[in-house]
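Asks: Could you have a look at this structure, given as structure tokens, before my questions?
There are 2 protein chains.
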Amino acid sequence: MVTLGLSTLLLTACGNLGSSSGTTTNTNEESASSGYQTTGQTNDSEYTGVIINGRYRTNKSRGVGVSQNSENLLNLKSFESGLTDISKEYFSTKDYVFQEGQTLSKSTVEDWLARKSSKNPDGLNPEDNGKNGENERNPMYVQQIEEQDYMKEDSKGNLSLAGITVGIGMNRKDYYQKEEYGATYVTNISKEEMEKQGKIAAAKVVARLRAKVGNDVPIVVAMYQQAEIDSLVGGSFYAYTEVKAGSSEITNWTDTDISSYVFPATSTKSVPNDNDEAAFESFKNKIQNFFPNLAGVTAQAKYKGKNLQGLKVTITTQFYSETEITSFTQYVAKAAKTYLPSGIPVDIQVKGSDGTVQSFLAKTAKDSSYYTHVFTSY
Amino acid sequence: MVTLGLSTLLLTACGNLGSSSGTTTNTNEESASSGYQTTGQTNDSEYTGVIINGRYRTNKSRGVGVSQNSENLLNLKSFESGLTDISKEYFSTKDYVFQEGQTLSKSTVEDWLARKSSKNPDGLNPEDNGKNGENERNPMYVQQIEEQDYMKEDSKGNLSLAGITVGIGMNRKDYYQKEEYGATYVTNISKEEMEKQGKIAAAKVVARLRAKVGNDVPIVVAMYQQAEIDSLVGGSFYAYTEVKAGSSEITNWTDTDISSYVFPATSTKSVPNDNDEAAFESFKNKIQNFFPNLAGVTAQAKYKGKNLQGLKVTITTQFYSETEITSFTQYVAKAAKTYLPSGIPVDIQVKGSDGTVQSFLAKTAKDSSYYTHVFTSY
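Residue numbers (the UniProt record's numbering), protein chains in the order written: chain A, 1 to 378; chain B, 1 to 378.
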């Protein structure tokens with residue numbers, strides 16, 4: 001799925017990049033002899049990340065998410081973005097530094113995501129009952145787990161763990177093969193069953209994490225429903241909770257009302273608000289006939305209840321020249337401003353027929369006009 | 001080379017988009033009964049483009065550029081960007097509206113670009129002398145021609161032609177096959193010969209264009225040297241001139257000193273300024289070791305003499321998570337600000353190992369910090 005797209009490259013010495021404001025080269029709690037730096041912050045609403053000795057501190061379970069979501073990587077993308085967003089409600093980007101999870105190792109997460117068995121007592125998924133009928137087998141309920149660490153600098157300038165967020169991705173559909181390389185079957189899981197199994201898994205994960213990290217830090221747990229493998233949007237977080245420092249019990253859950261949808265809506269998959277759909281259709285019609293050849297216009301939409309939270313639009317068309325790309329981008333900016341809902345963040349990617357991004361437009365919730373950029377070449 | 005990447009799409013009625021400031025729905029000189037609109041302008045430094053009846057007015061020779069540059073599309077991209085830049089010296093983006101060339105049709109341009117023969121007296125390339133040895137045959141000197149029209153609104157609100165720019169792309173290397181699907185051979189053309197043949201071709205093009213458009217508008221001619229087919233940057237414009245309204249003679253040429261280069265420099269291909277190369281190497285080294293897996297870092301650089309005019313950087317690495325992309329992007333912004341030359345426009349594309357753009361950073365010549373955007377998914 002992921003291959004290393006690099007030709008041979010010369011490795012040369014790597015100096016220290018000056019660290020960002022406030023965090024000059026300090027020693028780190030976990031490796032007191034080495035300094036840490038941060039990635040720097042381009043935007044108040046993003047966390048700075050931890051760098052040790054000039055290298056990014058990667059997740060201890062790096063790569064598990066990619067393999068667990070290989071059938072639809074959108075589930076990984078939306079899972080991680082959403083998990084970071086929930087974390088921001090507890091750990092402000094101003095006071096906390098983001099570190100990829102360092103507690104749960106790759107083998108730990110892999111064991112937890114596997115079935116329970118005599119060899120794997122920690123498996124969060126049920127034992128194999130020997131059956132392979134869609135409705136008779138025990139499905140895999142838990143699909144992915146990811147830890148995020150939130151760090152604070154202490155009075156001595158050391159960076160120490162100050163909070164953990166853990167996301168748990170749950171299946172509504174468990175895809176499986178009856179034989180290797182065979183046809184794909186699916187076991188459906190009801191919403192109620194998913195939520196019930198999610199609570200059971202979350203309780204175990206919190207107790208185990210608490211045992212590993214001690215009593216000093218809060219643990220935020222966020223439950224995610226995986227999207228189907230052919231979905232054009234990822235899944236969404238349906239509940240979350242904070243387990244305060246000192247506790248290892250989940251007492252209550254906060255339900256979210258967030259879901260992702262695809263525009264244009266279809267007869268079988270509608271969107272929560274008809275006005276948004278009408279606005280998108282107006283925009284699409286405006287764009288589609290700009291060139292003699294038709295443009296494809298689709299979007300991912302994020303909703304909280306019936307309220308649109310953001311749009312990510314993709315436009316694909318065939319360009320015959322750079323000047324066409326520039327003109328089209330200007331036209332899209334005008335049409336987007338006229339037709340698309342205001343007050344929400346909107347990204348628009350303009351792709352050529354070979355799928356490469358030719359230009360890009362974006363606005364934040366506050367902006368009224370679009371930032372535009374055409375990818376040109378010297 | 002270019003295929004239509006669209007699935008079946010519903011065509012629906014297309015209304016009129018409100019036109020941009022100053023140009024309310026006017027009638028057009030060439031089709032007096034139909035209104036024209038413009039694409040709108042996102043940026044003072046770009047032209048607005050012409051829309052007729054809701055559709056972009058495409059080039060009359062649309063597609064010729066793509067086929068003439070199919071071996072290296074960078075030659076088309078840099079040709080068209082550069083041609084627009086030269087046009088801006090004569091036709092301000094404030095006063096003129098851009099229109100894709102409407103004078104030279106596809107068959108005209110194709111005839112001009114072919115060899116001269118009894119059947120094709122207008123061919124700008126020399127007759128076939130029947131020989132196919134690299135140094136004996138007559139090479140193809142002229143590779144591409146493109147017309148751009150610059151329009152002004154008259155007192156009646158009609159849009160009329162106010163200037164033409166024509167670009168002529170010349171070969172230093174003419175690639176050819178001795179037999180269909182056979183090996184590729186190359187005839188080298190000296191710089192002097194290219195320039196000489198370019199002047200001959202330009203004189204003919206101007207005279208023919210003048211005959212077609214009449215005496216009222218200036219014609220700007222710009223000469224471009226095509227890059228080699230395996231080049232990672234396009235070619236560059238080496239000379240240009242303006243033929244004033246009423247004249248059809250080229251009296252003198254303005255030489256440019258603009259060229260494109262690739263970073264990192266190699267032993268066989270150096271760059272004009274060692275300081276820029278050192279700055280780029282520092283940046284590259286800083287970036288390359290951020291992850292355990294190496295990142296590839298290359299750039300296109302535009303020079304005027306020894307002065308760097310702009311950089312387009314491409315970074316390719318393997319990401320395992322969205323959080324890695326966000327952290328890396330912030331790190332790149334900091335490193336770019338620290339190491340890359342200031343006072344020039346810089347674009348940076350961050351790509352995953354599958355080649356898709358994951359994030360993007362850009363600054364204009366005036367900016368000190370970078371605009372950053374991570375392409376996320378719902």
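C-beta atoms are modelled at their ideal positions from N, C-alpha and C, and glycine is treated no differently. Only a predicted model underlies this, so the values are computations on that prediction, with no experimental measurement involved.
Could you list which residues in chain A have their beta carbon closer than 9 Å to that of residue 360 of chain B, in chain order?
Replies: Here the question's residue 360 of chain B lines up with position 360 in the second sequence. What residue 360 of chain B touches in chain A: 357, 360, 373, 375.
Asks: In terms of residue numbering, what span does the beta strand (DSSP E) encompassing residue 149 of chain A cover?
Replies: Mapped onto the first sequence, residue 149 of chain A falls at position 149. Where residue 149 of chain A is concerned, the enclosing beta strand (DSSP E) stretches over 142 to 153.
Asks: Please identify the residue among B/57, B/224, B/305, B/175 whose C-alpha is closest to the C-alpha of residue 70 of chain B.
Replies: Residue 70 of chain B sits at position 70 when you count from the first residue of the second sequence. Per the Cα distances, B/175.
Asks: Curious, which full-length beta strand (DSSP E) runs of at least 3 residues does the stretch 39 to 119 of chain A contain?
Replies: You should have 50 to 52, 97 to 100.
Asks: What separation, rounded to the nearest whole angstrom, lies between the Cα atoms of residue 117 of chain B and residue 68 of chain B?
Replies: Locating residue 117 of chain B in the second sequence gives position 117, counting from the first residue. Locating residue 68 of chain B in the second sequence gives position 68, counting from the first residue. Roughly 20 Å between the two C-alpha positions.
Asks: State the Cα-Cα distance for the pair residue 234 of chain B and residue 227 of chain B, rounded to the nearest angstrom.
Replies: Residue numbering aside, residue 234 of chain B sits at position 234 when the second sequence is read from its first letter. Residue numbering aside, residue 227 of chain B sits at position 227 when the second sequence is read from its first letter. The straight-line gap from Cα to Cα measures roughly 5 Å.
Asks: In terms of residue numbering, what span does the beta strand (DSSP E) encompassing residue 310 of chain B cover?
Replies: Translated into the one-based positions of the second sequence, residue 310 of chain B becomes position 310. Residues 307 to 316.
Asks: Between the C-alpha atoms of residue 214 of chain B and residue 148 of chain B, what's the straight-line distance to the nearest angstrom?
Replies: Sequence index remark: in the second sequence, residue 214 of chain B carries index 214 (1-based). Sequence index remark: in the second sequence, residue 148 of chain B carries index 148 (1-based). Residue 214 of chain B and residue 148 of chain B: Cα-Cα distance of roughly 16 Å.
Asks: So the candidates are B/258, B/342, B/346, B/334; which of them puts its Cα closest to the Cα of residue 298 of chain B?
Replies: Indexing the second sequence from 1 puts residue 298 of chain B at position 298. Of the listed residues, the one whose Cα sits closest to residue 298 of chain B is B/346.
Asks: Measuring only the C-alpha atoms, how far is residue 170 of chain A from residue 289 of chain A?
Replies: In the first sequence, counting from the first residue as 1, residue 170 of chain A sits at position 170. In the first sequence, counting from the first residue as 1, residue 289 of chain A sits at position 289. Taking the straight line from one Cα to the other gives about 42 Å.
Asks: Hey, is residue 123 of chain B's beta-carbon within less than 8 Å of any beta-carbon in chain A?
Replies: If you number the second sequence from 1, residue 123 of chain B lands on position 123. No, because no Cβ of chain A sits closer than 8 Å to the Cβ of residue 123 of chain B.
Asks: In chain A, which residues lie with their C-beta within 8 Å of the C-beta of residue 312 of chain B?
Replies: Here residue 312 of chain B refers to the residue found at position 312 when the second sequence is read from its first residue. Those are 376, 377, 378, listed as they occur along chain A.
Asks: Starting from residue 233 of chain A and walking both ways along the alpha helix (DSSP H), at which residues does that stretch end?
Replies: Locating residue 233 of chain A in the first sequence gives position 233, counting from the first residue. Premise fails: residue 233 of chain A is in no alpha helix (DSSP H) and is neither H nor E.
Asks: Quick one: is residue 66 of chain A near chain B, going by C-beta distance under 8 Å?
Replies: Translated into the one-based positions of the first sequence, residue 66 of chain A becomes position 66. Residue 66 of chain A counts as touching chain B.
Asks: If distances are taken between C-alpha atoms only, which option among B/134, B/262, B/209, B/283 comes closest to residue 250 of chain B?
Replies: In the second sequence, counting from the first residue as 1, residue 250 of chain B sits at position 250. Residue 250 of chain B has its Cα closest to that of B/209, out of B/134, B/262, B/209, B/283.
Asks: Quick one, are the C-beta atoms of residue 332 of chain B and residue 287 of chain B less than 8 Å apart?
Replies: The count along the second sequence starts at 1 and reaches residue 332 of chain B at position 332. The count along the second sequence starts at 1 and reaches residue 287 of chain B at position 287. Contact flag set, yes.
Asks: Helix, strand or coil for residue 325 of chain B per DSSP?
Replies: Taking the first residue of the second sequence as 1, we reach residue 325 of chain B at position 325. Three-state DSSP puts residue 325 of chain B in a helix.
Asks: Please check the pair residue 353 of chain B and residue 318 of chain B, which I expect to be a contact at CB under 8 Å, by giving their CB distance rounded to whole angstroms.
Replies: Indexing the second sequence from 1 puts residue 353 of chain B at position 353. Indexing the second sequence from 1 puts residue 318 of chain B at position 318. Yes, residue 353 of chain B and residue 318 of chain B are in contact; Cβ-Cβ is about 4 Å, under 8 Å.
Asks: Tell me, which residues are paired with residue 175 of chain B by DSSP?
Replies: As a first step, residue 175 of chain B is located in the second sequence; it is residue number 175 there, counting from the start. Answer by DSSP bridge pairing, in chain order: B/186.
Asks: Pick helix, strand or coil for residue 129 of chain A, following the three-state DSSP scheme.
Replies: For the purposes of this step, residue 129 of chain A is identified with residue 129 of the first sequence, where counting begins at 1. Here residue 129 of chain A sits in coil by DSSP.
Asks: Counting only beta-carbon separations shorter than 8 Å, does residue 55 of chain A have a partner in chain B?
Replies: In the first sequence, counting from the first residue as 1, residue 55 of chain A sits at position 55. Closer than 8 Å: yes.
Asks: At a Cβ threshold of 8 Å, is residue 322 of chain B touching chain A?
Replies: To locate residue 322 of chain B, count along the second sequence from 1; it is residue 322. Answer yes: the Cβ-Cβ gap between residue 322 of chain B and chain A drops below 8 Å somewhere.
Asks: Can you tell me the Cα-Cα spacing of residue 87 of chain B and residue 224 of chain B, whole angstroms?
Replies: Taking the second sequence and counting its residues from 1, one reaches residue 87 of chain B at position 87. Taking the second sequence and counting its residues from 1, one reaches residue 224 of chain B at position 224. Computed Cα separation, rounded: 14 Å.
Asks: In chain B, what lies closer than 8 Å to residue 336 of chain A by C-beta?
Replies: Taking the first residue of the first sequence as 1, we reach residue 336 of chain A at position 336. None at all; the shortest Cβ gap to chain B is about 10 Å.
Asks: For residue 127 of chain B and residue 141 of chain B, I'd like the C-alpha separation in whole angstroms.
Replies: Start at 1 with the first residue of the second sequence, and residue 127 of chain B comes out as number 127. Start at 1 with the first residue of the second sequence, and residue 141 of chain B comes out as number 141. Approximately 11 Å between the Cα atoms of the pair.
Asks: Taking the straight line between their C-alpha atoms, what separation do you get for residue 146 of chain B and residue 180 of chain A?
Replies: As a first step, residue 146 of chain B is located in the second sequence; it is residue number 146 there, counting from the start. As a first step, residue 180 of chain A is located in the first sequence; it is residue number 180 there, counting from the start. So the alpha carbons of these two residues sit roughly 57 Å apart.
Asks: What is the DSSP secondary structure of residue 378 of chain A, reduced to helix, strand or coil?
Replies: Stepping through the first sequence from its first residue, residue 378 of chain A is reached at position 378. Three-state DSSP puts residue 378 of chain A in coil, outside helix and strand.
Asks: Which of the three DSSP states is assigned to residue 356 of chain B in this structure?
Replies: The sequence position of residue 356 of chain B within the second sequence is 356, counting from 1. Looking at residue 356 of chain B - three-state DSSP - the assignment turns out to be coil, as it is neither helix nor strand.
Asks: Which bits of chain A does residue 233 of chain B rub up against, with CB to CB less than 7 Å?
Replies: Residue mapping note: residue 233 of chain B aligns to position 233 of the second sequence, counting from 1. Near residue 233 of chain B (Cβ distances below 7 Å), the residues of chain A are 378.
Asks: Can you pull the DSSP bridge partners for residue 224 of chain A?
Replies: What you label residue 224 of chain A is simply residue 224 of the first sequence in a count that begins at 1. DSSP lists A/169, A/237 as partners of residue 224 of chain A.
Asks: At a CB distance below 7 Å, what residues from the stretch 178 to 192 of chain A approach chain B? Give them in sequence order.
Replies: Result list empty, no residue passes.
Asks: Give the straight-line distance between the Cα atoms of residue 302 of chain B and residue 291 of chain B, rounded to the nearest whole angstrom.
Replies: One-based indexing of the second sequence puts residue 302 of chain B at position 302. One-based indexing of the second sequence puts residue 291 of chain B at position 291. The straight-line gap from Cα to Cα measures roughly 29 Å.
Asks: Taking 7 Å as the cut-off, does the CB of residue 228 of chain A come closer than this to any heavy atom belonging to the ligand ADP?
Replies: Among the components modelled here there is no ligand, and therefore nothing to report on the ligand ADP.
Asks: Which residues, taken in chain order from the stretch 130 to 149 of chain B, show a beta carbon closer than 9 Å to some beta carbon of chain A?
Replies: Here the close residues are 146, 148.
Asks: Report the residues of the stretch 238 to 251 of chain A with a CB closer than 8 Å to any CB of chain B, ordered along the chain.
Replies: Listed by position, the residues of the stretch 238 to 251 of chain A near chain B (Cβ gap below 8 Å) amount to none.
Asks: Select from B/373, B/164, B/308 the residue whose C-alpha is nearest the C-alpha of residue 384 of chain B.
Replies: Because chain B here runs from 1 to 378, residue 384 of chain B falls outside it and cannot be looked at.
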